[in-house]
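Counting from 1, position 128 in the sequence shown corresponds to residue 153 in the working numbering; the numbering is continuous, with no gaps.
Ideal Cβ placement from N, Cα and C applies to all residues, glycine included.
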Amino acid sequence: MSPSEETSSNRDEAAAAYFETLPFPPYPIQEEALLAWYTAKQGVLVCAPTGTGKTLIAEAAVYEALRGGTQCYYTTPLIALTDQKLIELQQSAVRWGFKETDIGLVTGNRKVNPDAPVLVVVAEILLNRLLQPEIFDFTKVSSVVMDEFHSFNDSQRGIVWELTLGMLPAHVRTLLLSATVGNSYEFTSWLRRSCNRDLQLVEGTERKVPLSFSWIDDHMLDEWIEKMCAGDEEMRRTPALIFCFNRDECWQVAELLKGKKVIDKQRQAAIHEKLESYDFSEGVGPKLKSLLGRGVGVHHAGLLPKYRRVVEELFQQKLLSVTVCTETLSAGINLPARSVVLPTIMKGPKSKKKLVETATAQQIFGRAGRPQFDDQGFVYALAH
């Protein structure tokens with residue numbers, strides 16, 4: 026058997042084994058992307074809306090590396106997202122029959138199982154390692170997953186992904202996952218010309234959960250949120266994410282909602298019970314604890330990681346009705362919401378405000394609608 030036939034045979038076996046681990050039949054876009062991954066020589070670019078299950082596709086590369094005894098890097102654009110991915114992938118590894126310690130994390134200031142075969146890293150860490158070949162050996166690296174790859178379009182950090190793709194050894198396959206990269210056909214052509222990397226393109230445009238868009242009066246934000254939170258679980262339009270474009274606005278909106286009835290007594294009691302096991306003594310901890318006790322979360326990069334994790338946990342458990350956050354949360358952090366609210370569609374300093382970019386808006390809108398819970402997602406924007 027030739028080396029290429031042996032590789033193909035190994036991938037066929039890995040594909041069959043991975044499909045056996047899936048708890049439910051994959052959606053059409055997932056199935057197409059998985060088949061592409063197991064057949065493409067150099068890798069795949071998957072462009073599909075938020076909520077179409079790209080995590081299941083990404084985990085195929087991780088599973089293949091663990092099963093084959095090779096190494097894999099899983100990159101994200103945010104430290105907060107690496108923390109969440111570490112937990113998710115460790116849980117998946119155990120479910121597949123591997124060890125939790127087979128998944129590690131390396132960021133600028135934190136390391137967990139740094140010698141693990143699968144490492145979750147921020148994008149800059151992978152680039153730094155490629156720039157130091159005398160220290161970091163990529164011989165056994167079989168694949169790199171680049172989650173939230175639309176960060177490639179970032180005017181300041183995009184160069185990190187561009188240089189990484191150009192420096193990766195030819196044998197390392199790449200799986201790029203994105204909500205959008207603009208003209209995807211043009212991008213794959215550029216990648217072929219500039220980086221000598223030929224990726225198979227898989228695109229999906231259909232969301233599993235359709236979205237409903239509505240304008241609300243800009244003087245009625247707090248009343249509208251209170252209305253969204255009313256009724257039983259079926260009637261409520263929560264959990265909801267309220268996106269602001271700076272940290273001060275997050276706190277302002279959260280304080281605005283503090284006195285409103287956004288949570289029932291049963292969930293409030295459950296929150297208070299959980300909060301007793303956490304230390305909120307540092308920094309804005311007391312302020313955050315008070316808001317959480319009233320069903321309102323705050324999430325942005327300026328919060329201590331331990332505080333962000335508490336907010337994420339309470340929101341995922343459907344205890345928090347609303348979380349006020351910055352746009353960094355739209356970049357893949359798994360906080361499934363029924364509704365998304367934009368108090369403003371203008372972004373930037375007071376004297377230089379402009380409309381939110383289309384790609385950013387699409388990312389934010391994509392957080393609404395949970396495939397496992399909702400038949401429809403809701404997007405509300407304040408009319409100015």
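- In the structure shown, the three-state DSSP call for Phe177 is helix.
- Taking a 10 Å sphere around the C-beta of Gln291, we find fewer than 16 other C-beta atoms and assign the residue as exposed.
- Taking C-beta separations shorter than 7 angstroms and ignoring five residues to either side along the sequence, the partners of Val131 in its chain run Pro139, Leu144, Val146, Ile150, following chain order.
- Minimum Cα-Cα distance from Gly229 among the listed residues Asp223, Phe177, Leu70 corresponds to Leu70.
- Around the CB of Ser239, fewer than 16 other CB atoms lie within 10 Å, so the residue is classed as exposed.
- In the same chain as Ala58, and ignoring 5 residues on each side of it, the C-beta atoms closer than 6 angstroms to its own belong to Val71, Ile82, Val227, in chain order.
- For Asp242, the enclosing beta strand (DSSP E) begins and ends at 236-242.
- Separation of Gly183 and Val347 (C-alpha to C-alpha, rounded to the nearest whole angstrom) is 32 angstroms.
- Shown here, Cys220 sits in a helix according to DSSP, grouped into three states.
- Straight across, the Cα-Cα distance linking Glu338 with Gln225 is about 36 angstroms.
- In this structure Gly284 is exposed. Its beta-carbon is surrounded by fewer than 16 other beta-carbon atoms within 10 angstroms.
- A direct Cα-to-Cα measurement between Glu298 and Asp179 gives close to 41 angstroms.
- Residue state for Lys299 is assigned as helix, using DSSP reduced to three classes.
- Ranked by Cα distance from Asp257, the first of Glu211, Glu274, Val287 is Val287.
- Leu202 is a Cβ neighbour of Lys79, given a cutoff of 7 angstroms.
- Scanning Phe390, Arg217, Arg333 for the CA closest to the CA of Phe268 turns up Phe390.
- If you draw a 10 Å sphere on the C-beta of Val119, you find fewer than 16 other C-beta atoms in it, and that means exposed.
- In the structure shown, Thr189 adopts helical secondary structure according to DSSP, grouped into three states.
- DSSP places Glu149 in the helix class (H, G or I) of the three-state scheme.
- Along the segment 342-394, the alpha helix (DSSP H) occurs as fully enclosed runs of 4 or more residues at 383-390, listed in sequence order.
- Between the segment 349-365 and the segment 274-282 there are three or more C-beta pairs closer than 8 angstroms, enough to call the two in contact.
- Taking every protein chain shown into account, the CB of Ala65 has 16 or more other CB atoms within 10 angstroms, so this residue is buried.
- Rounded to the nearest whole angstrom, the CA to CA distance from Arg392 to Phe398 is 13 angstroms.
- Taking a C-beta distance under 7 angstroms as the contact criterion, Trp121 and Ala85 do not qualify as a contact pair.
- According to the DSSP secondary-structure assignment, Tyr98 is paired through a beta bridge with Leu144, Val169.
- Where Ala265 is concerned, there is no enclosing alpha helix (DSSP H), although the beta strand (DSSP E) around it starts and stops at 265-269.
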